[in-house]
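Below is one structure, written out as structure tokens; the observations come after it.
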Amino acid sequence: MPEPLLSIQNVVAGYGPIEALKGVSLNVRGGEIVTLIGANGAGKSSTLMCVSGLLRARKGTVHFDGADITGFKPHTIVEEGLAQVPEGRKIFPRLTVLENLELGAYLRRDKQAIKTDLEKMYHLFPILGERRKQLGGTLSGGEQQMLAIGRALMSRPKMLLMDEPSMGVAPILTAKIFATIRDLNREGMTILLVEQNAHLALKIAHRGYVIETGSIVLEDKAESLLNDPRVKEAYLGDDD
Amino acid sequence: MAGGIRRAVIVHAGWFMLGIALLVPILDPLLPLEWKIAGHMNRIFIFAILGLGLNVVTGYTGLLNLGIAAFMAIGAYSYAILTCDIYPFRLGFWSAMPITICIGAIAGVVLGLPTIRLRGDYLAIVTLGFGEIVQDTLKNLDNITQGTQGINPLPAPTFWGHALNTQDKVAWYYLLLAFLALVVLVSRNLEHSRVGRSWIAIREDEIAATCMGVNPVKAKLVAFAMGAALASTSGGIYAALFSNSGEPGNYDFQISIIALCIVIIGGMGNISGVLLGAFVIGGFNSIVLDKLTTLLQQMGMVNTQNVLTVPGNWKYMIFGFALILAMRFKPEGLLPSRQLKAELHEAEEDERAENARGAA
Chain A
324 MPEPLLSIQN VVAGYGPIEA LKGVSLNVRG GEIVTLIGAN GAGKSSTLMC
374 VSGLLRARKG TVHFDGADIT GFKPHTIVEE GLAQVPEGRK IFPRLTVLEN
424 LELGAYLRRD KQAIKTDLEK MYHLFPILGE RRKQLGGTLS GGEQQMLAIG
474 RALMSRPKML LMDEPSMGVA PILTAKIFAT IRDLNREGMT ILLVEQNAHL
524 ALKIAHRGYV IETGSIVLED KAESLLNDPR VKEAYLGDDD
Chain B
36 MAGGIRRAVI VHAGWFMLGI ALLVPILDPL LPLEWKIAGH MNRIFIFAIL
86 GLGLNVVTGY TGLLNLGIAA FMAIGAYSYA ILTCDIYPFR LGFWSAMPIT
136 ICIGAIAGVV LGLPTIRLRG DYLAIVTLGF GEIVQDTLKN LDNITQGTQG
186 INPLPAPTFW GHALNTQDKV AWYYLLLAFL ALVVLVSRNL EHSRVGRSWI
236 AIREDEIAAT CMGVNPVKAK LVAFAMGAAL ASTSGGIYAA LFSNSGEPGN
286 YDFQISIIAL CIVIIGGMGN ISGVLLGAFV IGGFNSIVLD KLTTLLQQMG
336 MVNTQNVLTV PGNWKYMIFG FALILAMRFK PEGLLPSRQL KAELHEAEED
386 ERAENARGAA
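Those protein sequence lines, which keep their order, are chains A and B.
Here my numbering is used: the first residue of the first sequence is 324, the next is one more, and so on.
Here my numbering is used: the first residue of the second sequence is 36, the next is one more, and so on.
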């Protein structure tokens, strides 16, 4: 079995006296989509924030691409090749679509390649090309999510961290976004996907982890989790 | 479309203003005494440079600095100590100015290092305190700074062996205009540089900026250093112009507030806005009030015994009133940056977007 690209070992983290993560471990191998599903407040976003450096791990380690990145600052994590699509998208609402995308490439200095990558983003999400001069804040929720994904890709990362890409997005655009995530993965991108919409996430993921009150309670292939009675009952609902 | 037209108008207005600025010393002698303005322009240029310095910190990076006058003072006193005969250095204008600018930048970093992690109001209070500390230090360190007397005389810039004196008004005018033009160019390049983009990203959303790989501590420190360097430049030129460091009280809180008014009323984060702000506020301060005083004196309406009849005494009340009116009717300033305009007119934008969606 190859060495995982991202490896989180026994991470404990929290906010003040509240312990949000009580020893979380998970691995993502190169080329995989791994999803972390769970209810509100289970610790999904906290896990991601420990990887991206926005939250400090009190115990445990995070390794990425062979290097120990535990406790790194967010801006150095990006340098390591881990790009983030944050929760609530966090695009720059008062900057144009183009300026948002350019900031995604902030760490790069290869002007020519940045230009070709911009064209790639406009090809991937044509709506961004149409609205390149428009302010980010005037886009719809789904379009903003596309912009956040495009912006993260502009750093040419080795891996993408995605936090709730379906949140606040119209269903038709959610489908489009998830199809894009799968396409990105087929072209070789490794993705850790945190998602409340377990059904959607497990449909495109290779493997999944289920987190409950700060601990991983299940880990399996995505299709097995989709058929697991416990997952079905707790996260997929009867409408499936 | 409207944006493009508005931009074109601003660009043309900018060239027009530059043309007028270049012609002022030539036309000025032709004007009747009460219309002469060239003598007042020097101060306006200096305030414009100070405003552009503050614009880097407050306009681009979004850090409220209430003590920018301290860096102007540091510039003025650095220039004075480097050049005045009573100190060992005795440099000329052209060798003292670069050092003055560097000292300003270092002072910016010194203030920035311990305070950079503070946010919003807390940072504003610290910068305000810094302004007071610098002033008091200059006042009390009188065996070095001559206390409240100021350091003088100071050498003026020399051109091919000729030192400018107070009679060379036209040369001074063009020298200060050239300095201002240089500072405008530096500001423009900074704004569009990598570090400039990181400043704007931090102002817009610091967490999102760090997720793009921006190191916020470094970016803010560079902003502090650049803002302080420009403010220090204005101080050095000011000292050279008046051949005097000025006394510490010349760099008090009111100067910081005037600089802030220039940036806010003009348009935060926009160079043309800051220039316009400097001309409106500086122009009012040194031209309108001055002319009004002369006019009223001629009419025999000024009684020096009665403070209420001297227009200059109404200055800060009028500034305060103008600021209130500006905040009420044009909170984004006269020539705002695009982002500021977007924020303060968000409701209208939303409505427009809504209408557009409805139409589609």
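Backbone N, C-alpha and C fix where the C-beta goes; we use that ideal spot for every residue, glycine too.
Chain-ordered chain A contacts of residue i [CB-CB under 9 Å]
i, result
"ARG232 (chain B)", "GLU422, GLU425, LEU426, TYR429"
Where residue i sits in the DSSP three-state scheme
i, result
"VAL347 (chain A)", "strand"
"LYS71 (chain B)", "coil"
"MET132 (chain B)", "helix"
"VAL335 (chain A)", "strand"
"ALA395 (chain B)", "Unreliable placement is indicated for ALA395 (chain B), whose pLDDT of 43 sits below 50; the coordinate value is still reported in the next sentence. Three-state DSSP puts ALA395 (chain B) in coil, outside helix and strand."
"LYS413 (chain A)", "coil"
"ARG238 (chain B)", "helix"
"GLU326 (chain A)", "coil"
"ALA243 (chain B)", "helix"
"TYR429 (chain A)", "coil"
"GLU574 (chain A)", "Beyond the ends of chain A as shown, which are 324 and 563, falls residue 574 (chain A); an answer cannot be given."
"PHE51 (chain B)", "helix"
"MET36 (chain B)", "Its pLDDT being 46, under 50, MET36 (chain B) is placed unreliably by the model, and the measurement read from it follows with that caveat. In this structure, MET36 (chain B) counts as coil in the three-state DSSP scheme."
"SER228 (chain B)", "coil"
"LEU371 (chain A)", "helix"
"VAL530 (chain A)", "Strictly speaking, residue 530 (chain A) in this sequence is Arg, with Val absent from that position. Strand, per DSSP."
"ALA198 (chain B)", "strand"
"GLY491 (chain A)", "coil"
"ASP563 (chain A)", "Note that ASP563 (chain A) scores 44 on pLDDT, short of 50, meaning its location in the model is unreliable; the coordinates nonetheless yield the value given after this. Three-state DSSP puts ASP563 (chain A) in coil, outside helix and strand."
"ASP388 (chain A)", "coil"
"GLY276 (chain A)", "Given a span of 324 to 563 for chain A in the structure shown, any question on residue 276 (chain A) remains unanswerable."
"GLU453 (chain A)", "helix"
"GLY368 (chain B)", "coil"
"GLY86 (chain B)", "helix"
"GLY102 (chain B)", "coil"
"ILE10 (chain B)", "Any question about residue 10 (chain B) goes unanswered here, given that chain B covers just 36 to 395."
Min CB distance residue i to chain B below 8 Å
i, result
"LEU515 (chain A)", "no"
"PRO327 (chain A)", "no"
"SER368 (chain A)", "no"
"LEU451 (chain A)", "no"
"LEU377 (chain A)", "yes"
"GLU402 (chain A)", "yes"
"LEU483 (chain A)", "no"
"LEU405 (chain A)", "no"
Any chain A beta carbon closer than 8 Å to residue i
i, result
"GLU367 (chain B)", "no"
"ILE398 (chain B)", "For residue 398 (chain B) there is no data in the structure shown, the boundaries of chain B being 36 and 395."
"ASP63 (chain B)", "no"
"CYS246 (chain B)", "yes"
Chain A residues whose Cβ lies nearer than 7 Å to that of residue i
i, result
"VAL249 (chain B)", "HIS398, TYR429"
"ALA236 (chain B)", "PHE415, LEU426"
Bridge partner(s) assigned by DSSP for residue i
i, result
"GLN407 (chain A)", "A:LEU484"
"LEU289 (chain A)", "As shown, chain A starts at 324 and ends at 563. That puts residue 289 (chain A) outside it, with no answer to give."
"HIS398 (chain A)", "None; HIS398 (chain A) has no bridge partner."
"SER538 (chain A)", "A:GLU535"
"ILE341 (chain A)", "A:TYR338"
"GLU518 (chain A)", "A:ILE360"
"THR193 (chain B)", "B:ALA198"
"ASP543 (chain A)", "A:GLY531"
"LYS382 (chain A)", "A:VAL335"
Chain B residues whose Cβ lies nearer than 7 Å to that of residue i
i, result
"ARG417 (chain A)", "GLU239, GLN374, ALA377, GLU378"
Any non-hydrogen atom of the ligand GDP within 7 Å of residue i CB
i, result
"ARG474 (chain A)", "The model depicted lacks the ligand GDP and carries no ligand whatsoever."
Chain A residues whose Cβ lies nearer than 8 Å to that of residue i
i, result
"ALA243 (chain B)", "PRO409, LYS413, ILE414, PHE415"
"ALA43 (chain B)", "Near ALA43 (chain B) there are no residues of chain A at all, since even the closest Cβ is about 16 Å away, more than 8 Å."
Residue i: contacting residues in chain B (beta-carbon distance under 9 Å)
i, result
"LEU476 (chain A)", "Per Cβ cutoff of 9 Å: no residues; LEU476 (chain A) is ~12 Å from chain B at best."
"LEU458 (chain A)", "ARG373, GLN374, ALA377, GLU384"
Min CB distance residue i to chain D below 8 Å
i, result
"ALA313 (chain B)", "No chain D is present in this structure, whose protein chains are A and B."
Start-end ranges of the alpha helix (DSSP H) lying completely within the stretch 249-326 of chain B, minimum 4 residues: Runs found: 251-277, 288-301, 306-317.
Start-end ranges of the alpha helix (DSSP H) lying completely within the stretch 110-169 of chain B, minimum 4 residues: Listed in chain order, they are 128-150.
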